[in-house]
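Protein chains: 2
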Amino acid sequence: MFHERLTRAQSKVQQALDDALAFHPDLPVIQAMRYALQGGKRLRAFLVLESARLHGIHEGEAMPAAAAVEALHAYSLVHDDLPCMDDDDLRRGRPTVHVKWDQATAVLAGDALQTLAFQLCCDPALGARRIDLVVALAQASGAEGMVLGQALDIAAETAATPLTLEEITRLQAGKTGALIGFAATAGAILAGADPRPLERYAKALGLAFQIADDILDVEGDPDKAGKKLGKDAAAGKATFVSLLGLDGAKTRARALVDEAEEALAQYGMAADPLRQAARFTISRDT
Amino acid sequence: MFHERLTRAQSKVQQALDDALAFHPDLPVIQAMRYALQGGKRLRAFLVLESARLHGIHEGEAMPAAAAVEALHAYSLVHDDLPCMDDDDLRRGRPTVHVKWDQATAVLAGDALQTLAFQLCCDPALGARRIDLVVALAQASGAEGMVLGQALDIAAETAATPLTLEEITRLQAGKTGALIGFAATAGAILAGADPRPLERYAKALGLAFQIADDILDVEGDPDKAGKKLGKDAAAGKATFVSLLGLDGAKTRARALVDEAEEALAQYGMAADPLRQAARFTISRDT
Numbered sequence: 649m650f651h652e653r654l655t656r657a658q659s660k661v662q663q664a665l666d667d668a669l670a671f672h673p674d675l676p677v678i679q680a681m682r683y684a685l686q687g688g689k690r691l692r693a694f695l696v697l698e699s700a701r702l703h704g705i706h707e708g709e710a711m712p713a714a715a716a717v718e719a720l721h722a723y724s725l726v727h728d729d730l731p732c733m734d735d736d737d738l739r740r741g742r743p744t745v746h747v748k749w750d751q752a753t754a755v756l757a758g759d760a761l762q763t764l765a766f767q768l769c770c771d772p773a774l775g776a777r778r779i780d781l782v783v784a785l786a787q788a789s790g791a792e793g794m795v796l797g798q799a800l801d802i803a804a805e806t807a808a809t810p811l812t813l814e815e816i817t818r819l820q821a822g823k824t825g826a827l828i829g830f831a832a833t834a835g836a837i838l839a840g841a842d843p844r845p846l847e848r849y850a851k852a853l854g855l856a857f858q859i860a861d862d863i864l865d866v867e868g869d870p871d872k873a874g875k876k877l878g879k880d881a882a883a884g885k886a887t888f889v890s891l892l893g894l895d896g897a898k899t900r901a902r903a904l905v906d907e908a909e910e911a912l913a914q915y916g917m918a919a920d921p922l923r924q925a926a927r928f929t930i931s932r933d934t
Numbered sequence: 649m650f651h652e653r654l655t656r657a658q659s660k661v662q663q664a665l666d667d668a669l670a671f672h673p674d675l676p677v678i679q680a681m682r683y684a685l686q687g688g689k690r691l692r693a694f695l696v697l698e699s700a701r702l703h704g705i706h707e708g709e710a711m712p713a714a715a716a717v718e719a720l721h722a723y724s725l726v727h728d729d730l731p732c733m734d735d736d737d738l739r740r741g742r743p744t745v746h747v748k749w750d751q752a753t754a755v756l757a758g759d760a761l762q763t764l765a766f767q768l769c770c771d772p773a774l775g776a777r778r779i780d781l782v783v784a785l786a787q788a789s790g791a792e793g794m795v796l797g798q799a800l801d802i803a804a805e806t807a808a809t810p811l812t813l814e815e816i817t818r819l820q821a822g823k824t825g826a827l828i829g830f831a832a833t834a835g836a837i838l839a840g841a842d843p844r845p846l847e848r849y850a851k852a853l854g855l856a857f858q859i860a861d862d863i864l865d866v867e868g869d870p871d872k873a874g875k876k877l878g879k880d881a882a883a884g885k886a887t888f889v890s891l892l893g894l895d896g897a898k899t900r901a902r903a904l905v906d907e908a909e910e911a912l913a914q915y916g917m918a919a920d921p922l923r924q925a926a927r928f929t930i931s932r933d934t
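Sequence lines, in order, name chains B and G. My numbering puts the first residue of the first sequence at 649, with every later residue one more than the last. My numbering puts the first residue of the second sequence at 649, with every later residue one more than the last.
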């Protein structure tokens, strides 16, 4: 049932993203944007839609926010993959944007994807509180959120000693956690409801997600993951696996999923899809 | 009088930009953002403040929008200067961000400056219509505006024939015109007034601005300009000067400034600073 729901959300959010660029001119930058907007798990979009449903917001009234978070995520991947950043050739099983086109196109496509995310967040369908959503998206993605995480990641590469567990937790809270937090609280923000239970859920989920990523990097199948694995160990980077061990990391991820599920107690069975999403983050192979 | 007004606006918008990053951690990415936010003519901020004043909006109620347009402009410069784009070492008389730090820091600082621009546009001081301003900023800066202009510029580099006057006008309407259009209409948008006279003003001003840039590239003083000049001619790029000749370009720029001034007729003397700004764009040496 979870996978059916996720597949349905994937198809709907893809349609919303396609529509957003339907009337743009057929230039390489636009083609690269469309390319970068294809595929992926769409977990963040799913969180937006489920968080909206929990607050009585119809799917159509939340879809632009679901598309926005995926556009923002896509921008971050295109820029992260650049040679001056993580220098990755493969993403979602296909050549990265700067490999398929060139670096200039990748920089510009990423830039325009970020803009598109903010544009989608202003869609009148999102209702009167959409300005609050724009604020939340900016906080999650900028120098207080995702970019801060990336900046800490870069700083760590030239640091004299490997990161501690506390430091790596802070780094990941920015790098992946902030946008997951935005996605999970979007419904509460749009409804003007208390976002704190969903913040707690997202905080645990985001950390579990990153630990699962570190585990995948060690024992995942590169063909299924659609990207190069084993990079962190090869680079001698501190990860949750290097700090906790493989078993320790798995135990911690499971505990975090329990924590995420518990944070949803007040919503009852209506939050089951979000509980399943939490379990999915640590069982996925991609 | 115009220069006093401009200097005063420069100092106030710098303060607003400094304040926006005052509590961020002292990481290289944040330092690079602060660095990129220093200097410049602040013409776009000036247009925002004057356009606001024309519509009875107090300076303090427009300042976040003035800061936003400068943050957006700064992001575009940091990314444009990257080796994979225009590959410039010098900007505003100082080393560019990727030279002073590195490319990864420049990509991230530019990314976060774009986010900051949207964040500033959500400042409650801007009032109830700020969501319309966010929409306008996204339209001006993304794949329908500034990034579109950049994309056309990149496409032109590999085109078989040099651009025509019509093509270069379209390119520049995106690359520099769209953001100038945003700045000049910001006051009307915030006041819920008709933005069309200011759109006409900005369209003529933006084109005059770019022609003046092309003229500066040929006969400007690199020390005053604070950047490398003569690049377009060296690269064999079509510019307004290569297409119209130096005299023809100057005549066209003057005609456009007249057009810009005429578009302001209905505002009377209150629009004099905007008229002076238009004349300034073609008399500047930087």
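Beta carbons: idealized from backbone N, C-alpha and C, even for Gly.
Work out the CA separation of residue j and residue i for me, nearest whole Å.
i	j	result
Asp880/B	Val866/B	9 Å
Ser699/B	Ile930/B	20 Å
Phe857/B	His727/B	21 Å
Leu695/G	Asp735/B	40 Å
Leu894/B	Pro870/B	18 Å
Arg848/G	Thr744/G	34 Å
Lys748/B	Ala710/G	43 Å
Leu665/G	Ala680/G	13 Å
Thr817/B	Gly797/B	10 Å
Lys872/B	Thr934/B	6 Å
Gly874/G	Leu654/G	19 Å
Glu800/G	Met649/B	According to the sequence as given, residue 800/G is Leu; it is not Glu. Rounded to the nearest angstrom, the two C-alpha atoms are 46 Å apart.
Gly884/B	Glu652/B	39 Å
Lys823/G	Gly793/G	7 Å
Gln675/B	Pro921/G	Correcting the residue type first, residue 675/B is Leu in the shown sequence and not Gln. Computed Cα separation, rounded: 39 Å.
Ala831/G	Arg900/G	23 Å
Ala897/G	Lys876/G	21 Å
Ile859/B	Gln820/B	9 Å
Ala807/G	Ala765/G	33 Å
Asp737/B	Asp667/G	39 Å
Gln686/B	Gly758/G	24 Å
Tyr723/G	Leu756/G	10 Å
Near residue i, which residues of its chain fall below 7 Å by C-beta distance, leaving aside the five closest residues on each side in sequence?
i	result
Glu909/G	Arg923, Ala926
Gly840/G	Arg777
His721/G	Arg692, Leu827
Ala913/G	none
Ile705/B	Gly835, Leu838, Ala839
Leu702/G	Gly835, Tyr915, Ala918, Ala919
Leu781/B	Ala713, Cys769, Leu774, Ala834, Ile837, Leu838
Which residues in chain D have a C-beta closer than 8 Å to the C-beta of residue i? List them in chain order.
i	result
Arg778/B	Included in the structure are the protein chains B and G, with no chain D among them.
Can you name, in chain order, every residue of its own chain whose Cβ lies under 8 Å from the Cβ of residue i, other than the five neighbours on each side?
i	result
Val905/G	Ala852, Leu853, Ala856, Ala926, Arg927, Thr929, Ile930
Ala754/G	Ala680, Val726, His727, Asp729, Leu730, Thr744, Val745, His746
Thr833/B	Ser699, Ala784, Pro843, Leu846, Glu847, Ala850
May I ask you to report which of helix, strand or coil DSSP gives residue i?
i	result
Leu811/G	coil
Leu738/B	strand
Pro743/B	strand
Leu877/G	coil
Leu922/G	helix
Asp801/B	helix
Arg932/G	coil
Arg656/G	helix
Pro845/G	helix
Ala822/B	Ala is not the amino acid found at residue 822/B; the sequence shown has Gly there. Residue state, collapsed to three classes: helix.
Glu910/B	helix
Met917/G	helix
What does residue i reach in chain B if we use C-beta pairs closer than 9 Å?
i	result
Ile837/G	What Ile837/G touches in chain B: nothing, since even the nearest Cβ is about 13 Å away.
His672/G	Ala791, Glu792, Leu796
Glu803/G	A small correction: the amino acid at residue 803/G is Ala; Glu does not occupy that position in the sequence shown. Result: Leu675, Pro676, Val677.
So with CB distances below 8 Å, who are the chain G contacts of residue i?
i	result
Thr763/B	Gln762, Ala786, Ser789, Gly790, Ala791, Val795
Could you work out which residues of chain B lie near residue i, taking near to mean beta carbons separated by less than 8 Å?
i	result
Ala807/G	Ordered by position in chain B, no residue passes the 8 Å Cβ test against Ala807/G, which lies about 12 Å from the chain.
His651/G	Correct list: empty, because the minimum Cβ distance to chain B is about 33 Å.
Met681/G	Ala791
Val819/G	With the sequence shown as reference, residue 819/G is identified as Leu, and Val is not the correct amino acid for it. Under the 8 Å cutoff, chain B gives no residues; its nearest Cβ is about 11 Å from Leu819/G.
Run down chain G in chain order and give the residues with a C-beta less than 7 Å from the C-beta of residue i.
i	result
Asp759/B	His727, Gln762, Val795
Met733/B	Ala752, Val755
For residue i, which residues in the same chain have their Cβ closer than 6 Å to its Cβ, ignoring the five residues on either side in sequence?
i	result
Glu907/G	Ala852
Leu891/G	Leu813
Asp771/G	Pro712
Listing by chain order, which chain G residues have their CB less than 9 Å from the CB of residue i?
i	result
Ile678/B	Ala791, Leu796, Ala799
Run down chain B in chain order and give the residues with a C-beta less than 7 Å from the C-beta of residue i.
i	result
Phe766/G	Phe766, Val782, Ala786
If we require 4 or more residues per run, which alpha helix (DSSP H) segments fall completely within the stretch 658–745 of chain B? 676–684, 691–702, 707–728
Return the chain-ordered ranges of every beta strand (DSSP E) run that is complete within the stretch 852–898 of chain B and spans a minimum of 3 residues. none
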